[in-house]
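Have a look at the structure below, then the notes.
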Amino acid sequence: MPPILELDGITKRFPGVLANDHICLTLESGEIHALLGENGAGKTTLMNILYGLYHPDGGRILVRGKEVKIDTPNEAIRLGIGMVHQHFMLVPPFTVTENVMLGVETIKNGLFLDRESVAARIREISQQYGIQIEPGAYVKDLSVGAQQRVEIVKILYRQADILILDEPTAVLTPQEVEDLFQVIRELVARGVSVIFISHKLKEVMSIADRITVLRDGRVVGTTRPAETSPAALAQMMVGREVILTVDKKPAQPGDVVLDVNDLQVFDDRQQVKVEGVSLQVRAGEILGIAGVQGNGQTEFVEALTGLRAVAGGTVRILGRETTRASPRRILETGVAHVPEDRQRDGLVLTYSVADNLALNTYYLPPFASGIQLHERAIFASAGELVKQFDIRTPSIQTLVSSLSGGNQQKVIVAREFARPIKLLIASQPTRGLDVGSIEYIHQRLVEKRDQGCAILLVSPELDEIMSLSDRIAVMYRGKIMDTLPAEQATLEKLGLLMAGVQPEG
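Following my numbering, the numbering of the sequence shown begins with 333 at its first residue and continues without gaps.
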């Protein structure tokens, strides 16, 4: 019996990039096949080809043993292929039923949408696959985990039996991840075949039947969890041995560097996003902020760094009030900032790598005397940082916009880590980096801490928060639910706090 899906020699080129290089992959019926690799490895490009969003430059796709041409998502769905994207494709003001029927509406009496029969079918699917979802609920009122279940029901409603999940755990609490894995196992038990795209080694080891690793657009190898380990998978992803654990001594906290008191911040629609947050970060410690993305972390960091107005409360850095200070004044007090959105807040995309590496200090010696820039000093510094931080660029004069996302992130990290600082505010500092680069950044964060720097680390990655932090604060709907010493934090306890629940005791 042939595989339910076969990709044979798939090749895809973009200008200057070979995204997929003769990739071969099979999916057996009733199998969970994990596709593992870092950002830029070619995973999502490959799945977009399978789902009809991109067209391959070479190779064949076979579904149930027959060669097919998939030109559109509609054609993919007709062939039984469904995809849950990393960013959900839902309409928040619509109900679950309306979202599920969108694009495949059924009409009764020649005039009205037949919501009742669709809702009944959703209940059937929910019962059949153990997916808890209420057809009449509005999507905007659902948790992220519930919204993801709506996406899965949408695909099952269209009778797909090949399910592609693209980074499905990126915005889930640990409990929601467990719920998702239970749903996936139930789907497979009932005949659905799953491609699970991820860069998280532990999750892949837990859920997959087989694992294929991509690196630089090529298949490095295919294995099974029983035949490998997280360390071996990391080595396949990066091409060298990687230390996955963070080696750090107990913190030696000093004086308070960052003092936030009763902070209140609004979003762009003038809705409260940060409500009464108070915390302190001391020299020589890492305070991690855990929480599902979208619970006020972005606005909190923007307020601390002068990128968003503060509606109430105070911020003091090294004893000086910076509540309404400009970004430059905050920077000059000894603050470094690795922003969440590297392209919007961290880089000038039309500038060169060298200019971006000097962006914070271009007006200071040795880079300038008055209004005169010293290009030789800027270029010399840039050359050193490119080597030190392994920034993959053809030249220091290459436009930063032409670099991969991971290398753009390295430019920001290099610039911020390279100057003398007292406080580092790092929002998702390893976003888009391979495991080798993550290992390096983690080591540098611990070094900065040990040199007496105060570090505020904001990350949706619980493994990162738990391995690096000395104390962990959990943010939910703009409030700090609790702050724990790292040694008292467990996945279960943090997961409950991330969902707005205080653990008993």
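A virtual CB, placed ideally from N, CA and C, is assigned to each residue, including glycine.
- Assigned with DSSP and collapsed to three states, E664 falls in helix.
- About 13 Å separates the CB atoms of H417 and I527; that is not less than 8 Å, and the two are not in contact.
- Residue nearest to L636 within the set L512, R656 and K719 is R656 (criterion: CA-CA distance).
- By a beta-carbon distance limit of 8 Å, L689 contacts S713. Their separation comes to about 7 Å.
- Judged by beta-carbon spacing, V743 lies beyond the 9 Å limit of I770, meaning their Cβ atoms are not closer than that value.
- For P817, the uninterrupted beta strand (DSSP E) run begins and ends at K811 to P817, by DSSP.
- In the three-state scheme derived from DSSP, where H, G and I count as helix and E and B as strand, V833 is classed as coil.
- Residue state for F749 is assigned as helix, using DSSP reduced to three classes.
- Taking the Cα of A563 as reference, the smallest distance to any Cα among T554, Q720, T555 and E573 is reached at E573.
- Residue ranges of uninterrupted beta strand (DSSP E) with 3 or more members, entirely inside the stretch 631-690 and ordered along the chain, are 644-649 and 667-670.
- C-alpha of T654 to C-alpha of T665: approximately 9 Å in a straight line.
- Bounds of the alpha helix (DSSP H) holding F711 are E707 to Q720.
- With a cutoff of 9 Å on beta-carbon distance, M807 and I621 are scored as near each other.
- The DSSP-derived three-state label of R447 is helix.
- Under the Cβ criterion (8 Å, minimum of three pairs), the stretch 547-559 does not count as touching the stretch 586-599.
- Rounded to whole angstroms, L337 and V647 show a C-alpha spacing of 56 Å.
- Rounded to whole angstroms, the gap between the alpha carbons of K375 and Y386 is 13 Å.
- Rounded to whole angstroms, the Cβ separation of V515 and Y461 is 7 Å, and the two are in contact under 8 Å.
- Secondary structure at K401: coil, using DSSP grouped into helix, strand and coil.
- By alpha-carbon distance to N692, the top candidate from L717, E748, E483 and S733 is E748.
- Annotation: I413 to T630 spans about 35 Å, alpha carbon to alpha carbon.
- Of S561, P582, L565 and K534, the smallest CA-CA separation from R547 is found for L565.
- Apart from sequence neighbours up to five positions away, the residues of its chain that approach K440 with a beta-carbon distance below 7 Å are D446, ordered along the chain.
- Unbroken beta strand (DSSP E) runs of no fewer than 3 residues, entirely contained in the stretch 594-619, are found at 604-614, following chain order.
- Per DSSP, the beta-bridge partners of T554 are T544.
- For the pair A521 and G362, the Cα-to-Cα distance works out to about 7 Å.
- DSSP places R481 in the uninterrupted alpha helix (DSSP H) bounded by V476 to Y489.
- Judged by DSSP secondary structure, A521 falls within the alpha helix (DSSP H) whose first and last residues are P506 to A521.
- A check of alpha carbon separations from G738 across S727, F721, I728 and V606 identifies F721 as the nearest.
- Contact check between the stretch 782-794 and the stretch 755-762: three or more CB pairs, one atom from each, fall below 8 Å, which counts as touching.
- For the pair F513 and Q704, the Cα-to-Cα distance works out to about 59 Å.
- When DSSP states are grouped into helix, strand and coil, E466 belongs to the coil group.
- For the stretch 745-807, the full-length beta strand (DSSP E) segments reaching 3 residues or more read 755-759 and 786-790 along the chain.
- Separation of A478 and I797 (C-alpha to C-alpha, rounded to the nearest whole angstrom) is 24 Å.
- Proximity to P659 across F699, P835, G341 and D677 peaks at D677, based on C-alpha coordinates.
- For I439, the beta-bridge partners assigned by DSSP are L445.
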